[in-house]
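Below: one structure, written as structure tokens.
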Amino acid sequence: APQFPWATSSFLQLDVANLWFGDGKSVGKLHFDAYENLMTMVSGQKQFVLYDPSDNTRLYEGHIREAQYEMDASGDGFYRRKLMESTSMVNSPVDINDPADVMRYPRFAQANALRCTVNEGDTLFVPSFWWHEVISTPATHEARNVAVNYWYKPLYTKDFPCKSCRVRFNLAYEHVLRSLQSKKEEQSRDEL
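Residue numbering for the sequence shown follows UniProt numbering, starting at 1 and increasing by one per position.
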């Protein structure tokens, strides 16, 4: 397993580790996660298209509402019992690969994308609330795509769904600011 001592010291607080395993033909449509994310490729590759949170209004933030389902009496299927007010996933209706979407969503033309490819053995840091679309491709020698990501509590928080809300510093990391301030004061004393 990769070691990230700079992330696991007193800096970032690990919340969840995920294993992503697929045939390498999947696309994670444009969304953001409320976590600091370290994503490591084990097999195959992933192409990321990233957008800064300041592009939020240009990406037309939407959300998928959570629902409660129950199995029907026959046990052959499920029916939706209740649609919740809470959000299970934030997404964008913009298809970044469809030129016609610039007509449907004109502000999208002003969004600035960063693109990168993550190969086997590489690790990418995706900051919390950064929009990203992920295209997975299989390894050349086998039809699979395997990645591990580590989700850390976010340095910044944001209310969502909320198209106009801004990110703000997460007070759970106040100890980091205090430590930095203490080191700065210590350096100032040493310089005298």
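Idealized CB from N, CA, C, for every residue including glycine.
Segments assigned alpha helix (DSSP H), at least 4 residues, entirely inside the segment 88 to 152: Fully enclosed alpha helix (DSSP H) runs of 4 or longer: 101 to 104.
What is the DSSP secondary structure of V176, counted as helix, strand or coil? Collapsing the DSSP output to three states places V176 in a helix.
In three-state DSSP terms, what is L192? Correct three-state label for L192: coil.
Nearest-angstrom beta carbon gap, L14 and Y105 [assumed within contact, 8 Å]: The C-beta distance from Y105 to L14 rounds to 36 Å, too long to meet the 8 Å contact threshold.
Between the C-alpha atoms of residue 203 and L59, what's the straight-line distance to the nearest angstrom? What the structure shows of the chain is the stretch from 1 to 192, and residue 203 is not part of that stretch, so it cannot be assessed.
Buried versus exposed, by CB contacts within 10 Å (16 or more), Y69: By the neighbour-count rule (16 or more Cβ atoms within 10 Å), Y69 is not buried but exposed.
According to the neighbour-count rule (16 or more other Cβ atoms, all chains shown, within 10 Å of its Cβ), is M41 buried or exposed? Classification of M41: buried, given that the 10 Å Cβ count is 16 or more.
S136 to N97 span [Cα, whole Å]: Roughly 15 Å separates the two Cα atoms.
Is the beta carbon of V146 sitting closer than 8 Å to the one on K158? No, these two residues do not count as a Cβ contact at 8 Å.
For the beta strand (DSSP E) that D15 lies in, which residues bound it at each end? Where D15 is concerned, the enclosing beta strand (DSSP E) starts and stops at L14 to G22.
Candidates R189, C165 and V134, of which the one nearest G24 by Cα: Cα-wise, what sits closest to G24 is V134.
Name the DSSP beta bridge partners of L38, please? L38 is bridged by DSSP to F125 and Y150.
Beta-carbon spacing of N91, L30 below 8 Å: Yes, the pair counts as a contact, with Cβ atoms nearer than the cut-off.
Please report the straight-line C-alpha distance between K163 and H63, rounded to a whole angstrom. Approximately 10 Å between the Cα atoms of the pair.
Look up K184 in the DSSP assignment and say whether it is helix, strand or coil. If DSSP states are grouped into helix, strand and coil, K184 belongs with the helices.
Buried versus exposed, by CB contacts within 10 Å (16 or more), H141: Exposed: under 16 other Cβ atoms inside 10 Å.
Should P99 be labelled buried (16 or more other beta-carbon atoms within 10 Å of its own) or exposed? Counting of Cβ neighbours within 10 angstroms places P99 among the exposed residues, the total staying below 16.
Measuring CA to CA, which of D190, W20, F21 and T57 is closest to R107? Of the listed residues, the one whose Cα sits closest to R107 is T57.
For H132 versus L19, is the C-beta distance shorter than 8 Å? One thing to note: H132 has its Cβ no nearer than 8 Å to the Cβ of L19.
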